[in-house]
Structure formats: structure tokens, C-alpha cells
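As C-alpha cells, the structure follows; a few thoughts come after it.
Number of protein chains: 2
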Amino acid sequence: MSLRSLVNQLDLCSINTATLGHRLPVEQTLELIARAGFGAIAPWRRDMEGRDLRKVGRQLRDSGLKVNAYCRSTYLTAQDSDGFKKSLLDNGNAIKEAAELQADCFVMVVGGLPEGSKDIAGARAQVTEGISLLREQARSHGIALALEPLHPMYAADRSCLSTLEQALDLCEQIEPQGFDSLGVAVDVYHCWWDPKLHGQIERAGMQQRILGLHVSDWLVPTRDMLLDRGMMGDGVIDLQGIRHSVEAAGYRGPIEVEIFSRDRWWTLEEEHVLKTCAQRLQEVC
Amino acid sequence: MSLRSLVNQLDLCSINTATLGHRLPVEQTLELIARAGFGAIAPWRRDMEGRDLRKVGRQLRDSGLKVNAYCRSTYLTAQDSDGFKKSLLDNGNAIKEAAELQADCFVMVVGGLPEGSKDIAGARAQVTEGISLLREQARSHGIALALEPLHPMYAADRSCLSTLEQALDLCEQIEPQGFDSLGVAVDVYHCWWDPKLHGQIERAGMQQRILGLHVSDWLVPTRDMLLDRGMMGDGVIDLQGIRHSVEAAGYRGPIEVEIFSRDRWWTLEEEHVLKTCAQRLQEVC
């Protein structure tokens, strides 16, 4: 399967609202994204605070935007069973919101080590249990869960799920019969370094588990571990190579731009950021 | 095999000179390390600049310190074949220095992407070729090469060798008959997050390829990607768990402290740092 051309095909592309820094109300954000020609949006829960979700959902559909993903889970890892239950409840609510917005999937960032813990195996066991329980709720709402492995530099404080291989092992453990409601989001920022990346993308594809492809870039130097992602083309990631593997593995969903960039892209006007995203998607992705 | 006790056993422990910030001349550094009761030292090439290595070697032996490792290779990854050859020459010289110092091994940090490159597979191929060539030189000097996978956050600019699994694959590719001169250094800072860590330590041990165990800690938050490592016990790494696996896999070499800490440990007096290392090694490692 050859690489889809993105030239004049922004309808194949999505903007994750974090890319715009959550500076505008979601109603305005979605208008800007639709007007810039993108086919989809991946909003965050924080965008929906105080909103009537049915109304926002209607506005999204009226604007022609697909909601390819809803971001994201509350961390599953917790110090005690009360914390764990609380997280399950909260994630259960988020799954309902995702259904209300007719999102294709709900993105799971699983959490790192609970405060004071050095037990990463324990944290991972908690994640397995939590995903397994939430999957039932997601199924009943017709929402898929996209497990997003984060870069290993976030293992302590954001995600003890660190590689695509680990995420797929988890999917197979919970869904041994093949894909039903559990898949993965491939974010180039988190997994570009992985020597097993292309093989694991192929594995994910064979199971129809690729639920998203997120693009941005890895800057050299990276000045902040969280908020210094680069615009596509400004860093060292082989974006076309990774997209090639993901599409060869059968993925036909949108290419989603997700850039956390406090000191650069979040300081610039939203229209300018969207224009740059559009240009780079067509030129370097 | 049970965990070796380090209580009153600092002779089992080594100080990597980077831990002291390279602020003193090596002659003074080694005296301080020996006087503090440590059994070994891992010096850097920069410590030896302008020195007569035979003289330093003699002083090391007189002080009772073993040289468990010599740090470290020039990056193998280069933009062109001239750069690659230059790196091989330089590393060849370093191997001779390691032999002069009677070091047990020479530590290989392989390099990231060459300037301007996005081809990580190409960089890895260069590394394979370079290691293969340097191994011949190391053999002829009776020095082992310790491949040190670095944390994936350094994949772009320091090491495209990112996991223990990848390092062992490389060892097996170059030395398919089993260990001869090629092994790995397990640095907890670089690999604590890896879901495959304990399995790969076991694999390394079965092949007698574990040539070093480096300790420090991962701080939360980490304020600098290079120079904010923690003292053992101040972070989230399960140090005893990892040492347990490494020793169960047959490793009997020294536990080496390697801490890069610009804003904390490198601002404190060397004697104080060494005292703290000694204490933490006995209490939390």
C-alpha cells in the first residue's frame, strides 16, 4: 500500500486542540480548524468544561469536523484502592462524554508511578486491571480505547506504558480474540526512537489495532521535557518513514497534529499555527 | 544467588569520576576516592588530558583502586566516511589508553543521529560496523567493550542504542559464538523504565555479558535532561530490585556510582559527595 498523498487532502488530517494551547473557547477553536480545511479534530476534556456536550457535538457535526479522538484518560495508577476507584469513575464519565461527542476513540494515558512508589511493575498491574474494566464500559458505549504509550522519559510521572510493544502485549492480554475495543495510538514523538518501532507497527496493523497517528517533531536540543515539541519538519523524526509503515499496516484514519510548545507555537496566533500545520502536513509528513 | 551486602563492603563499589564533576585533578580525585574506602574507580578520558598514563596507572594501583571501566568512546555516528574513520582512530587510541590503565572495560556511548540526519536506521548500521571494527582492536589489547544503551531521550544526540535488548542483539550479531570481548553496561538511570529490563538482564547474564552496573536515581521532576540525575534514594528507581536481577544473573563486578548533577552534587565538596555515596550505597542500593 502506498503512502496517501496529503496534498490538498487536509480532510485526511486532524488537529489536536492542545496544538493551539487551549487559549480560545472550543466553539471558536473548532470554527478555526474547520475553516482552515481540516477534516477532523481531537478535543480535550478541558475544552468541554462547563459545556453542554450535545450542543458542542452538534456544532462539530455542523462544521463538518469528525471527532477522531477524545483526550484523555485520568491516570489509572493510584496510591490506594480509593484512588483507583475514583479514577475508574472519572474515566467512565469521560467515555460517556466521548460517546456524546461521537468520537471514534478515547485516548488512554495511563499514569506513571503513584506518589511515593518505586514499584513500576505494580503500577503496570494496576493499569492492566483498569484498562480491562474500562474496556467493558467503552464497549457498551461503542467507543474504542486507544492506549497511547508515552516516551520513556515520562515513565515516572505520566505513563508507565512506554512502548508500542508493551501496549500491544496489553491489548492481546485483555483481548486475546483480536481487536474489539482496544487499540493503540502511535505518536511519533513518543516512539520514533524505538528500534522495534516498524515491526511493532506491522504487528499492530495485522490486528487492526492502530486507532491513531499523531505527528509533531523531536527538537535538538529539547529544552523542556513536556512542552518543547517541534512542528513537523523542524526536528529529527523520519515522519514519512513512520507514516509509510503505519499506512502499509492498513491505517486509513486521520493524521493528527499534536504539539505541546509553550514557548513557540503557543505564543503565536491560532490561524498562523493552523496554516503552518497545513503546510507542513503537505510538505514533510 | 542472593544480593551481596554492601554494608562495610565499599570495596565492592566504584566511583565514576563524573560524579565529582571533574573539578579536581585526577591525582587528587583518586586519592579522595581511595581514602573514602571505595574499591574501584571509573575515570574519564578528560581526566587524563596532559597526563602520563603509565604514571597515573601506577598511582591508581598504589592507591589500591581497581579501574573497573574507562569512559568513554567518541561517538561512532558521523556525517560521512571521513568522520567515521576519525572516530574509529580516536576510539582506537582510547582503547590503548584503557589498556595502559589496566581497565577492565572501555565504555561505548555510540552517538545519536549525525548532524542533519533523520536516518536512525542508518546511524544504527554505522554503529554496528564501528563496534565490529573496534572489537578487533579491543581484543588485541585484552580490553572488553561495554556497550551502554542510553535512555531513549538521548536517541537524537547521544545514543541511538537505547535499550538493553538492542545492545544484546548487537552483541550476538557481532559475537555469535558467545561472550568474548563485547558486553553491556547496565545503567539504572537509562533503563529503569524498560518493561523488558529484568528479562534482558537475565539474557545478558546467561551470556556473561554484564560488564558493569551503574547507579544513580531518577528525580521527579527532572529539571534537566542531561545534568539532573539524583543520588541513590532520592528518586523513583527500584535500585535493590535491579541490583538483585543483575546479581542473580551472575554479575560480581563493582557497583559504580555515576551521577551528573550540575546544580546539586557538583556544587558540593567532593568529600561530602563521596560520604553520601558511601552511605546511600549501603542503605538503599
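Note that the protein sequences, when read in sequence, are chains A and B.
For the first sequence, numbering that gives the first Met the number 0 assigns the number 0 to the initial residue and increments by one for each residue that follows.
For the second sequence, numbering that gives the first Met the number 0 assigns the number 0 to the initial residue and increments by one for each residue that follows.
Just so you know, even glycine gets a beta-carbon here, dropped at the ideal spot from N, CA and C.
Quiz prompt | Close Cβ partners of B:E99 (< 8 angstroms) along its chain, the five nearest in sequence each way excluded | solution = L52, R53 and G56
Quiz item: Counting Cβ pairs, one atom from each stretch, are 3 or more of them under 8 angstroms apart for the segment 194–207 of chain B and the segment 124–142 of chain B?
Solution: no
Practice problem: For the segment 46–62 of chain A, enumerate the residues whose C-beta is nearer than 8 angstroms to any C-beta of chain B, in chain order. | Solution: Cβ proximity to chain B below 8 angstroms picks out nothing from the segment 46–62 of chain A.
Self-check item: Reduced DSSP secondary structure (H/G/I, E/B, other) of B:H213
Solution: Strand.
Quiz item: Considering only residues of the same chain and omitting the five flanking positions on each side of B:S260, which have a CB-CB separation below 6 angstroms?
Solution: The answer, listed in chain order, is R228.
Quiz prompt | B:V6 to A:A154 span [Cα, whole Å] | solution = 31 angstroms
Quiz item: Which residue from A:D216, A:A184 and A:G198 puts its Cα closest to that of A:V106?
Solution: A:A184
Quiz item: Given B:Q199, which residues of its chain have a CB within under 7 angstroms of its CB, disregarding the five upstream and five downstream residues?
Solution: Only residues of its own chain outside the window of five on either side were considered, and among them L163, E164 and L167 have a CB closer than 7 angstroms to the CB of B:Q199, listed in chain order.
Practice problem: Would you check if there are 3 or more beta carbon pairs closer than 8 angstroms linking the segment 39–48 of chain B to the segment 60–73 of chain B? | Solution: yes
Exercise. Can you tell me the Cβ-Cβ gap for A:T76 and A:A122, rounded? I've got them flagged as a contact below 8 angstroms.
Key: 5 angstroms
Quiz item: Quick one: what's got a C-beta closer than 7 angstroms to A:L132's C-beta in the same chain, skipping five residues either side?
Solution: L87
Quiz item: Taking one C-beta from the segment 239–256 of chain A and one from the segment 219–226 of chain A each time, how about it: are there three or more such pairs within less than 8 angstroms?
Solution: no
Quiz item: If contact means a Cβ-Cβ distance below 8 angstroms, which residues of the segment 13–44 of chain A contact chain B?
Solution: Listed in sequence order: no entries.
Quiz item: Using DSSP with H/G/I as helix, E/B as strand and the rest coil, what is B:F178?
Solution: coil
Practice problem: Helix, strand or coil for B:K54, going by three-state DSSP, please let me know. | Solution: Secondary structure at B:K54: helix, using DSSP grouped into helix, strand and coil.
Quiz item: Is A:I142 helix, strand or coil by DSSP?
Solution: Note: A:I142 maps to coil in three-state DSSP.
Quiz item: Cα separation between A:L9 and B:H213?
Solution: 49 angstroms
Quiz item: Using a C-beta to C-beta distance shorter than 9 angstroms, which residues of chain A count as neighbours of B:L112?
Solution: Neighbours of B:L112 on chain A, chain order: V219 and V235.
Quiz item: Can you name the start and end residues of the alpha helix (DSSP H) that B:N310 belongs to?
Solution: What the structure shows of chain B is the stretch from 0 to 284, and residue 310 of chain B is not part of that stretch, so it cannot be assessed.
Practice problem: Go ahead and pull the three-state DSSP assignment for A:W191. | Solution: The three-state reading of DSSP puts A:W191 in coil, since its state is none of H, G, I, E or B.
Quiz item: What beta strand (DSSP E) runs, 3 residues minimum, are completely inside the segment 204–273 of chain B?
Solution: 209–214 and 254–256
Self-check item: Residue-chain proximity (B:K84, chain A), Cβ-Cβ < 8 angstroms
Solution: no
Quiz item: What is the C-beta distance between B:A145 and B:G110, in whole angstroms, given that I count them as a contact (C-beta under 8 angstroms)?
Solution: Actually they are not in contact, since the Cβ atoms of B:A145 and B:G110 sit about 16 angstroms apart, beyond 8 angstroms.
Quiz prompt | Complete beta strand (DSSP E) runs within the segment 104–174 of chain A (minimum length 3 residues, chain order) | solution = 104–107 and 143–146
Practice problem: Using three-state DSSP, classify B:D308 as helix, strand or coil. | Solution: No answer is possible for residue 308 of chain B: the residues shown for chain B start at 0 and end at 284.
Quiz item: Any C-beta of chain B sitting closer than 8 angstroms to the C-beta of A:M152?
Solution: yes
Self-check item: Closest by C-alpha distance to B:I236, when choosing among B:V283, B:L267, B:V272 and B:G141
Solution: It is B:V283 whose Cα lies nearest to the Cα of B:I236.
Quiz prompt | Limits of the unbroken beta strand (DSSP E) element including A:A41 | solution = A39 to A41
Quiz prompt | Residue burial classification, B:H271 (beta-carbon count within 10 angstroms, cutoff 16) | solution = exposed
Quiz prompt | Positions along the segment 265–280 of chain B whose CB lies within less than 7 angstroms of some CB in chain A | solution = none
Self-check item: Length of the line joining the Cα atoms of A:S180 and A:I142
Solution: 7 angstroms
Quiz item: Excluding five sequence neighbours on each side, which residues of the same chain lie with their C-beta closer than 8 angstroms to the C-beta of A:E171?
Solution: Around A:E171: Q206.
Practice problem: Pull out every residue of the segment 158–176 of chain A whose Cβ sits closer than 9 angstroms to any Cβ of chain B, in chain order. | Solution: C159, L160, S161, T162, E164, Q165 and D168
Exercise. Verify the CB distance criterion: does B:D103 have a CB-CB separation below 8 angstroms to chain A?
Key: no
Quiz item: At a Cβ cut of 8 angstroms, what residues of the segment 115–129 of chain B count as close to chain A, listed as they run along the chain?
Solution: S116, K117, D118, I119 and R123
Self-check item: Alpha-carbon to alpha-carbon, A:D118 and B:G38
Solution: 31 angstroms
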